[in-house]
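Asker:
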Amino acid sequence: MSAGEGLEQIADGVWAFLRPPGSWGQTNTGLIVDRGAASMVVDTVWDTGWAKRVASATTLLVTDAPITEVLNTHSDGDHWWGNDTVPAEARITTSVASFEAMKEELPPAAVTAFARLGRLAGPVLGPIGDVGTYMNTVRGGARFPRKLPRLPDHTFEVTERIDVGARQVQLRYLGPAHTAGDLIAHVPDAGVVFAGDLLFIGSTPILWHGPLTNWMDALDHLIALDAAVYVPGHGPICGLDEVRKLRAYWAWVDAAGRQHFDAGVESVHAARNMMASPEFVPFAKWCSPERLVLSMSTLYRLWDGKPAAPPTLVRRVAAFAAAGAMLRRGK
Ligand SMILES: [Zn+2]
227 MSAGEGLEQI
237 ADGVWAFLRP
247 PGSWGQTNTG
257 LIVDRGAASM
267 VVDTVWDTGW
277 AKRVASATTL
287 LVTDAPITEV
297 LNTHSDGDHW
307 WGNDTVPAEA
317 RITTSVASFE
327 AMKEELPPAA
337 VTAFARLGRL
347 AGPVLGPIGD
357 VGTYMNTVRG
367 GARFPRKLPR
377 LPDHTFEVTE
387 RIDVGARQVQ
397 LRYLGPAHTA
407 GDLIAHVPDA
417 GVVFAGDLLF
427 IGSTPILWHG
437 PLTNWMDALD
447 HLIALDAAVY
457 VPGHGPICGL
467 DEVRKLRAYW
477 AWVDAAGRQH
487 FDAGVESVHA
497 ARNMMASPEF
507 VPFAKWCSPE
517 RLVLSMSTLY
527 RLWDGKPAAP
537 PTLVRRVAAF
547 AAAGAMLRRG
557 K
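For the record, in the sequence shown the residue sitting at position 12 is 238 according to our numbering, with numbers rising by one throughout.
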């Protein structure tokens with residue numbers, strides 16, 4: 227176990243199962259319990275071994291409060307591919323936009339095949355080796371489920387209230403931003419917000435979908451909630467200061483990235499320049515800093531006038547190749 231890893235109680239009847247430092251696939255999950263009544267699970271992880279650890283660590287907490295509700299904060303596999311590990315009788319909820327994106331996702335078997343290819347191609351020089359290296363990093367040794375897991379059976383458009391026993395959980399769709407369907411879960415009686423991947427803390431965020439202004443608006447919404455504790459999708463739990471710092475990162479990427487775009491600098495080169503600039507220093511210690519390359523590839527599309535859209539496989543592969551090249555050759 228690394229420092230800060232595992233189950234942490236963050237309020238009365240509210241827990242997070244944390245997986246620092248919050249790099250690829252190191253996803254946090256949550257548990258909201260009304261003792262003697264019912265429980266809600268927030269997000270299910272893609273690594274089947276980790277899902278078992280979460281389940282066994284939380285068994286005692288739910289013996290008199292069965293899991294009746296499950297939430298998937300968005301459509302990335304590391305937040306819902308564990309849906310077959312929750313009780314079959316529990317209802318699974320996500321946003322309409324997230325549900326549509328889940329249906330389009332690559333099945334786990336395809337990603338496993340890609341990562342295997344990555345392990346073989348890793349030693350190869352050039353773009354194929356770059357993609358391979360990066361795919362292997364993304365998988366991070368996780369064991370994926372064999373088939374596409376159970377899809378959610380309840381969706382909502384913008385807001386929804388879910389009762390967990392006598393407790394209320396307020397859901398709000400704030401996407402599209404990181405992905406098409408990003409939603410947050412606010413537990414007002416505990417002062418806790420589960421933010422999914424609208425918050426990466428100590429871990430570099432990735433803009434896959436956009437527009438970026440939506441993400442900054444979502445962060446303003448999180449700040450306005452003025453919660454005591456925020457649980458990010460990746461990284462340690464945090465307060466308002468860290469939410470503001472993430473907003474500052476995106477404001478800098480938006481401004482500095484756009485300057486490079488307007489000057490006709492190609493996106494990987496722009497990302498490298500930006501990471502060498504003094505403005506990057508406050509964010510330089512976040513893990514996976516090379517993810518700036520992935521976000522820049524999305525931003526360049528949007529600045530080119532293309533619509534915000536989920537990343538196609540081709541887009542992801544091209545972005546991974548660029549990030550892999552940067553890691554392997556400092557390029
Ligand atoms: Zn994630």
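We put the beta carbon where it would ideally sit given N, CA and C, even for glycine.
1. Using the Cβ count rule (16 or more neighbours within 10 Å means buried), how would you classify Thr-289?
2. Which whole-angstrom value is the C-beta distance of Asp-423 and His-300, which I expect to be below 8 Å?
3. Mark Pro-246 as exposed unless 16 or more other C-beta atoms lie within 10 angstroms of its C-beta, in which case mark it buried.
4. Using a 10 Å radius around the Cβ and a threshold of 16 neighbouring Cβ atoms, would you call Val-384 buried or exposed?
5. Quick one: what's got a C-beta closer than 8 Å to Asn-309's C-beta in the same chain, skipping five residues either side?
6. Below 8 Å between beta carbons: does that hold for Val-469 and Leu-448?
7. On the DSSP bridge assignment, give the partners of Asp-260 in chain order.
8. Give me the residue from Lys-471, Leu-445, Val-413 with the minimum Cα distance to Asp-238.
9. Ignore the nearest five residues each way along the sequence and tell me which others in Trp-512's own chain have a CB closer than 6 Å to its CB.
10. Once DSSP output is grouped into helix, strand and coil, what is the label at Asp-389?
11. Just the Cα atoms here: how many angstroms apart are Leu-553 and Leu-445?
12. Between the segment 239 to 258 and the segment 466 to 484, do three or more beta carbon pairs fall short of 8 Å?
13. Answer yes or no: the CB of Asp-304 versus the heavy atoms of ligand 1, is any distance below 7 Å?
14. Between which two residues does the alpha helix (DSSP H) holding Val-322 run?
15. Using a threshold of 8 Å, state whether the C-beta atoms of Leu-397 and Ile-388 are closer than that.
16. Have a look at Val-543 and Arg-261 and give me their C-alpha separation to the nearest angstrom.
17. Please state whether DSSP places Pro-515 in a helix, a strand or coil.
18. Hey, would you say the C-beta of Thr-430 is under 7 Å away from at least one heavy atom of ligand 1?
19. Please look up how many angstroms separate the CB atoms of Gly-303 and Trp-272, rounded, as I've assumed it's under 8 Å.
20. Does at least one heavy atom of ligand 1 sit under 7 Å from the Cβ of His-595?
21. Applying the criterion that 16 or more other CB atoms from any shown protein chain within 10 Å of the CB defines a buried residue, is Ala-327 buried or exposed?
22. Could you check if Arg-372 is buried or exposed, using at least 16 other CB atoms within 10 Å of its CB as the buried criterion?
23. For Thr-253, is the beta carbon positioned less than 7 Å from some heavy atom of ligand 1?
24. Does the Cβ of Asp-423 lie closer than 7 Å to at least one heavy atom of ligand 1?
25. Does the distance from the C-beta atom of Ser-265 to that of Leu-409 stay below 8 Å?
26. Taking all protein chains shown into account, do 16 or more other C-beta atoms lie within 10 angstroms of the C-beta of Thr-294, making it buried, or fewer, making it exposed?
27. Is it buried or exposed for Val-519, if we count other Cβ within 10 angstroms and need 16 for buried?
28. Does the Cβ-Cβ distance between Phe-420 and Gly-461 come in under 8 Å?
29. Can you check DSSP and say which residues form a bridge with Gly-232?
30. Just the C-alpha distance for Ala-502 and Ile-432, rounded to the nearest angstrom, thanks.
31. Would Pro-536 pass as a contact of Thr-405 if the rule is Cβ separation under 8 Å?
Answerer: On the basis of the coordinates in this document:
1. Counting from one through the sequence shown, the residue named residue 289 turns up at place 63. So Thr-289 counts as exposed.
2. Along the sequence shown, read from residue 1 onward, the residue named residue 423 stands at position 197. Along the sequence shown, read from residue 1 onward, the residue named residue 300 stands at position 74. Correct: roughly 6 Å between the Cβ atoms.
3. On the sequence shown, position 20 is the one that residue 246 refers to. Pro-246 is buried by the Cβ-count criterion.
4. Here residue 384 refers to the residue found at position 158 of the sequence shown. With fewer than 16 other Cβ atoms within 10 Å, it is exposed.
5. As a position in the sequence shown, residue 309 is number 83, starting the count at 1. Once the five neighbours on either side are set aside, the close Cβ partners of Asn-309 are Thr-270, Val-296, Asn-298, Ile-318, Pro-375, Arg-376, Leu-377, Pro-378.
6. Walking along the sequence shown from the start, residue 469 turns up at place 243. Walking along the sequence shown from the start, residue 448 turns up at place 222. Their beta carbons are under 8 Å apart, which means Val-469 touches Leu-448 by this criterion.
7. The residue given as residue 260 occupies position 34 in the sequence shown. According to DSSP, Asp-260 bridges with Ala-264.
8. Sequence index remark: in the sequence shown, residue 238 carries index 12 (1-based). With distances taken between Cα atoms, Asp-238 lies closest to Val-413.
9. For the purposes of this step, residue 512 is taken as the residue at position 286 of the sequence shown. Gly-428, Ser-429, Thr-430, listed in sequence order.
10. Locating residue 389 in the sequence shown gives position 163, where the first residue counts as 1. Note: Asp-389 maps to strand in three-state DSSP.
11. Indexing the sequence shown from 1 puts residue 553 at position 327. Indexing the sequence shown from 1 puts residue 445 at position 219. So the two alpha carbons sit approximately 29 Å from each other.
12. no
13. Position 78 of the sequence shown, counted from the first residue, corresponds to residue 304. Yes, since a heavy atom of ligand 1 falls inside the 7 Å radius drawn around the Cβ of Asp-304.
14. Against the sequence shown, residue 322 aligns to sequence position 96. 322 to 330 is the extent of the alpha helix (DSSP H) around Val-322.
15. On the sequence shown, position 171 is the one that residue 397 refers to. On the sequence shown, position 162 is the one that residue 388 refers to. Cβ atoms of Leu-397 and Ile-388: closer than 8 Å.
16. Counting from 1 along the sequence shown, the entry for residue 543 is found at position 317. Counting from 1 along the sequence shown, the entry for residue 261 is found at position 35. Approximately 46 Å, taken between the alpha carbons.
17. Translated into the one-based positions of the sequence shown, residue 515 becomes position 289. Three-state result, Pro-515: coil.
18. The residue given as residue 430 occupies position 204 in the sequence shown. Every heavy atom of ligand 1 is 7 Å or more from the Cβ of Thr-430, so no.
19. For this step, residue 303 is matched to residue 77 along the sequence shown. For this step, residue 272 is matched to residue 46 along the sequence shown. 5 Å between Cβ atoms; contact.
20. Outside the displayed range of the chain (227 to 557) lies residue 595, so it cannot be described from this structure.
21. Here the question's residue 327 lines up with position 101 in the sequence shown. So Ala-327 ends up on the buried side.
22. Translated into the one-based positions of the sequence shown, residue 372 becomes position 146. Exposed: under 16 other Cβ atoms inside 10 Å.
23. Position 27 of the sequence shown holds residue 253. Yes, the Cβ of Thr-253 comes within 7 Å of a heavy atom of ligand 1.
24. As a first step, residue 423 is located in the sequence shown; it is residue number 197 there, counting from the start. Yes, the Cβ of Asp-423 comes within 7 Å of a heavy atom of ligand 1.
25. Position 39 of the sequence shown, counted from the start, is the residue given in the question as residue 265. Position 183 of the sequence shown, counted from the start, is the residue given in the question as residue 409. Not closer than 8 Å, so no.
26. Residue numbering aside, residue 294 sits at position 68 when the sequence shown is read from its first letter. With 16 or more Cβ atoms within 10 Å of its Cβ, Thr-294 is classed as buried.
27. As a working mapping, residue 519 is identified with position 293 in the sequence shown. With 16 or more other Cβ atoms within 10 Å, it is buried.
28. Walking along the sequence shown from the start, residue 420 turns up at place 194. Walking along the sequence shown from the start, residue 461 turns up at place 235. Cβ atoms of Phe-420 and Gly-461: not closer than 8 Å.
29. Here residue 232 refers to the residue found at position 6 when the sequence shown is read from its first residue. Per DSSP, Leu-244.
30. Working through the sequence shown from its first residue, we reach residue 502 at position 276. Working through the sequence shown from its first residue, we reach residue 432 at position 206. Distance between the alpha carbons of Ala-502 and Ile-432: 19 Å.
31. By one-based count along the sequence shown, residue 536 stands at place 310. By one-based count along the sequence shown, residue 405 stands at place 179. Going by C-beta atoms, Pro-536 is nearer than 8 Å to Thr-405.
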